[in-house]
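>
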Amino acid sequence: MIQTEEKMLKAVGQFFYGENFNEPAFVVARGMNGFKLDNKTLDDMNVRKNIKSVRWLANFKPRKSGAYTFTINPNCFAHILIDGENAKDQEMQLEAGKSYPFMVAYFGNPMAEQEELLQLDVDYTLNQQETKEIEVETFSIPEIISFENLPMGTDSKTEENKQPMLDTDDDGIYDDWEVNGYYIKNHLVLPWPKKGSEEEKELIKQGFKKFVSNPNESHTAGDPYSDLEKASGAFDRTIHKAARDPLVAAYPSITVGMEELVLSNNKNISSTEGKTVSRSTSSSVSDSNTEGIDASVGFSLFEGFSASVTGHYSHSSTHTVDSSNTSGQDWQHQLELNTGQSAYMNANVRYYNTGTAPVYNLVPTTNLVLGRQTVTTVTGQLNQRSLSLAPGQTYPKQHLHGVALNTLDQFSSAPIALNINQLDRLESGEKLKLETTQFQGAFARRSPAGGQVVLEENEWAHYMPQIESVTAGILINMGGNRFIERRIAAKDPLNPNDRTPELTLGEALEKSIGMFLDEENQNRYFIDEETGTKHIISPDLVHLVYDTKTDKKIKEELNKTIGEYQIVSSIGENKVADLADNRVVIYGNHEGNNQKWRFTFNRDKQAYKITSVSNPKLALTWDSKDSDKIFGYAGDYDSQYWRVERTSDGYFTLRNYKNPKMVLDLPDSNTTNSNQLKAHKDNGGIENQKWHLQNTKKNPDGKTIYDMTIRPGMNIQINVPVLYDDFTEKSGQWDGGDYDKENALYKGQCYKIPKKEVGVYSDFSLERNAVYLIVMAIKGSEAGNFTVEINGVTGTKEIGNFIVDKDYKYEKMVLKTFGDMEQHLELLIKNHTQSPVYIDNFSIVKIGRGFDELKKENIKYAENLKSDEIFYISPISDETTVITNLNNKAYMRKKSTNEKQFFRFDFNNIDNSFTIIDGSATTGGFEYVLKWNGDSEITFDVVATLKLDSWYLKKSTNPDQMGYQIINVWDRSKVLEYVDGEEKDGWPIEIATLDENNPSQYFQFPQKIKDLILWVSRKDENINVTNMNPIVVPKDFKNKDEEREIDLLFYSEGRVDMNQYEIKIGNPDLLRVTTDSEWKKKGHLNFKITNNLTGHADIKIVDAQAKSTFKTFTIQVE
């Protein structure tokens, strides 16, 4: 017999303590040639007793056709089945290249020796020639591990339940193990011991991981590898170790990033002829998900975590290219381009794989998008293909130059072109996005000999949709510089046949990125394997970003675990909402159940029903039929639902669902016991409409967002802190206080700020034009407050003002680094109480870049809002009603020629905002502008330079609200809102918190006013004289210069150049025109009145060229 070297055999073996395939012991996904098990495999194994039966299954693919005869040693009690037929010592005709199910089994011997079962030896002869050992290269693990065709006489019932051990999905792992757990040791799959047993404790101590999987699906995470292959490690060795867990998908995440942009006026961009410019760029995945996000949009802290909802979550498939450092370069001039010519682009790019699985023969397809316009779509050519790209790696490697992406075809006959307009937009800092829409690439399988096999049919594209449909996606963003993407199998609660194990978000993070808990300070961390950096990832210290679909799923999950809260007034000494004889009143806090409220989220209404703990049938209800009072009522009415909105200073507003303009209100700010609460119109965040929601349990069941069950289709980006201090070690960045070991949040130490002192965190840097979340746990021993200020950011000082509690409470505040900023910043924490306050778990998280998109949007609006034109501003519902300056306050009133209702929009090129100027009023030569007073009032005042006078227009993304919000530059969470009603003087316009679903915050795009004549110097007040005939000049009238003259300003699609007209005056003795040509060009006609004369003069303005009359009117001088 010809013997061969011992080699690894690709086959699945199941071993049993019972003699008839009962009492499963372990499963193995590989053996040695001959269907042996390496003796070393059982070293250090906790095998309870001797193995009595075994069965192996593989696919056999003969190299040659012919008559095969297989023998096995030992012969007794052993069986060989090929394609379900007995093949031991039987001659069988087999075809070369055809795959046959091949089973080897040993059972039925009560006296079996374990050594015999572990050292089975299968040989064969072909066409009755010499006997050979089987060749491992001809065997492989089958896709389906089915032992249905067992030899007669087997019985796999267990002693415990007399039922056979099922393997429903035929992956080689028993259903019971997949449900209750298994682990891998020496490549063997063994059942996880009972919970709490000493054996389990020992396994955990040794670092073994417990695996669970879906017993109904052999590929639980939807990837190309079976649960058995993954758990046993019998797959591509370059797959990330996290994906060995059957619940973590082997999943490549491919993106294309740009590092340099080269532009040329020569189609042959690599030629030395012609002009070129080259600019370095940077690109980031996280900016693509957070672009346009602001803390005021979809930002909620109610559930003990912070999050932003975005309408454009792109996983990590989109890179946003930032070329802002190239602004100010005259590319068009440098390239000597004329109108109609194109610049040709060479993008130096790099491919990134942030997933868990490699891709072979990778060719990405990339959209180049400028603004909302796709410039071109590029599929990589042969010379741009990556032969392999492993997880966490780039192509080319980081120390090499990038790939040139400069042509649309393999012959370089179609270069990538940018027209003059696109070039100007890119030059001005508009971002270019690289969207990786898809990629071609293959996965590898282990060959029977243990090597790698990459076949054309092994396309990732066939598996990606399946993976994404059964998993939740998690993207870890480490400050926008590094990121990790994982996909974790999740159970569909709407599918009763889905037996995927349920995981919480925390468990998913443990499995996919190795998150661990520090037992001393109770914080969670993970290690970035690429850099070795330790990151904190505790749920209170991070910021989540997800799409609207995920937002709904998260709210559904959180609804199952809603807590109980006290509704505490922001004024008074610990006064709470109290249910007293069905009336809801303010009362001193005695922590009774009638002062506790259960918040239950309604998915359809996107609002909470708030019921009393003392009587769950009674809900917090606005008695909208008969009064404005709040009662406890039974039933299910719209007036019983409330939206919970965070205010900028850390409190909450409870907004009624039936009428969103009404909020929970403490009447007259009167905190006297038994003062009944009311529903009152929102007054823009005044104190008696602000509430603190105090959880009635200090740490209810330890529940956090990480205890939420993940579901398929969820996509969550977790922004981890860019700066943090858990105070485990002393830092030179803190000053003004001392480290303290007695008052830490858990164990360890914290930072103490003495009474009336200031703690300073200094010498740190942040990015410009970004939004940050600052979080700290803080407590004190005496009532009072503390404030948080920032030094070094222009236009920002105080960013937080909070009440100190005797127990630790996480306080969160938003910092926007817009405008100028110093290199080194300081954060000041001012203790205003008479006793020390203590800080623990301090972090700064980058939420995203929210400013640039709004600036870019307003640049476009400036093209249609010329500063020399005048406009009406109407609500979306009624064009006949417009914003009006009434006694220097803003109202919504009906259009009238006697009202101050037309406005100019003056565009500021520095921050791309608008000043809204009253076109009908001046004082002392100064113009009135629309201004927020910093509280709730909107007024008109003379021009100042404060951000309170500057506004952005933001177009709605909600198809039900097709209008524009007018957002304040100083605080972008504040917008103009008009109040409906039958107000005598009109509907007042107030400042309100931005709400994308509130129609009263939307206005039509400003409407241009045509054919208007304005008298611009009458007692410091401009008068609309369009329809006045005659225009009467009072007897005692003099202008601001004490001259007896009037100035008329003419509009028609903007100011009219009066130089093109001939002015005919019917009474030239009374009036004469004194306007110079420059002033006429701006639309003015100045009429000098002859002293001591009265009477009237007919004015006729004629187009000198067309000989047509433009205007006729009469001026009457008294």
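So the sequence shown is residues 1 to 1118, counted in the UniProt record's numbering. For glycine and all other residues, C-beta sits at the position ideal for the given N, C-alpha and C.
For residue 831 versus residue 756, is the C-beta spacing smaller than 8 Å?
For residue 831 and residue 756, yes; Cβs fall inside 8 Å.
> Please classify residue 21: is it buried, with 16 or more other beta-carbons within 10 angstroms of its beta-carbon, or exposed?
buried
> Would you mind listing the beta strand (DSSP E) stretches within the segment 424–501 that are 3+ residues and don't spill past its ends, in chain order?
432–442, 471–478 and 482–489
> Mind reading off the beta-carbon distance from residue 12 to residue 29? Whole number of angstroms is fine, and I expect it under 8 Å.
6 Å
> Thinking C-alpha only, which one of 396, 506, 232 and 213 is nearest residue 187?
232
> Roughly how many whole angstroms lie between the Cα atoms of residue 700 and residue 882?
With a pLDDT of 44 at residue 700, under the threshold of 50, the modelled position of that residue is not reliable, and the figure given next carries that caveat. When rounded, the distance between both Cα atoms is 51 Å.
> Determine the closest residue to residue 140 out of 110, 133, 170 and 102, with distance taken between C-alpha atoms.
Closest option to residue 140, Cα to Cα, is 102.
> Within 10 angstroms of the Cβ of residue 252, are there 16 or more other Cβ atoms? Answer buried if so, exposed if not.
buried
> Can the beta-carbon of residue 684 be found less than 8 Å from the beta-carbon of residue 996?
no
> Does the segment 686–694 come close enough to the segment 470–477 that 3 or more CB-CB pairs lie under 8 Å?
no
> Count the C-beta pairs between the segment 433–445 and the segment 201–216 that are closer than 8 Å, then say yes if the count reaches three, no if not.
no
> Just verifying my parser: in three-state terms, what is the DSSP assignment at residue 1054?
coil
> Could you work out which residue in 682, 715 and 903 is closest to residue 874 when comparing CA atoms only?
903
> What is the DSSP secondary structure of residue 355, reduced to helix, strand or coil?
Reduced to three states, the DSSP call for residue 355 is coil.
> Would you list the residues sitting across from residue 656 in a DSSP beta bridge?
DSSP output for residue 656 lists 642 as bridge partner(s).
> Can you say whether residue 70 is buried or exposed, counting buried as having 16 or more other CB atoms within 10 angstroms of its CB?
buried
> Taking the straight line between their C-alpha atoms, what separation do you get for residue 323 and residue 1065?
Unreliable positioning characterises residue 323 in this predicted model, as indicated by a pLDDT of 47, which lies under 50. A coordinate reading is not provided.
> Residue 460 to residue 387, Cα distance in whole Å?
Each residue's Cα considered, the two are about 14 Å apart.
> Determine the DSSP secondary structure at residue 159, reduced to helix, strand or coil.
Any reading at residue 159 needs caution, since the residue's pLDDT is 47, under 50, leaving its predicted position unreliable; the model's value is listed next. It is coil, neither helix nor strand.
> Compare the beta carbon distance of residue 482 and residue 471 with 8 Å and say whether it is the shorter of the two.
no
> Pick helix, strand or coil for residue 231, following the three-state DSSP scheme.
helix
> Using beta-carbon positions only, say whether residue 125 and residue 60 come within less than 8 Å of one another.
no
> Using three-state DSSP, classify residue 506 as helix, strand or coil.
helix
> Opposite residue 45 in the DSSP bridges: which residues?
Partner(s): none; residue 45 has no beta bridge.
> Thinking residue 258 and residue 348 are a contact (beta carbons under 8 Å), I'd like their distance in whole angstroms, please.
7 Å
> Taking all protein chains shown into account, decide if residue 626 is buried (16 or more other Cβ within 10 angstroms of its Cβ) or exposed.
exposed
> Strictly by DSSP, which residues pair up with residue 345?
263 and 416
> Which residue wins for smallest C-alpha separation from residue 367, given the options 419, 434, 420 and 345?
Looking at the Cα atoms, 434 is the closest of the given residues.
> Suppose contacts are defined by Cβ-Cβ distances below 8 Å. Is residue 938 in contact with residue 976 by that definition?
Using a Cβ distance threshold of 8 Å, residue 938 and residue 976 count as a contacting pair.
> Three or more C-beta pairs under 8 Å: does that hold for the segment 836–843 against the segment 774–783?
yes
> Report the residue ranges of all alpha helix (DSSP H) runs contained in full by the segment 664–689; include only those spanning at least 4 residues, in chain order.
none
> Going by beta carbon distance, what residues of the same chain come within less than 7 Å of residue 1052, once the five residues before and after it are set aside?
Taking C-beta separations shorter than 7 Å and ignoring five residues to either side along the sequence, the partners of residue 1052 in its chain run 1010 and 1011, following chain order.
> What is the DSSP secondary structure of residue 860, reduced to helix, strand or coil?
helix
> Helix, strand or coil for residue 872? Go by DSSP, reduced to three states.
strand
> Give me whichever residues DSSP pairs with residue 843 in a beta bridge.
724 and 775
> Within 7 Å: the Cβ of residue 489 and any heavy atom of the ligand ADP?
This structure simply doesn't include the ligand ADP, nor any ligand for that matter.
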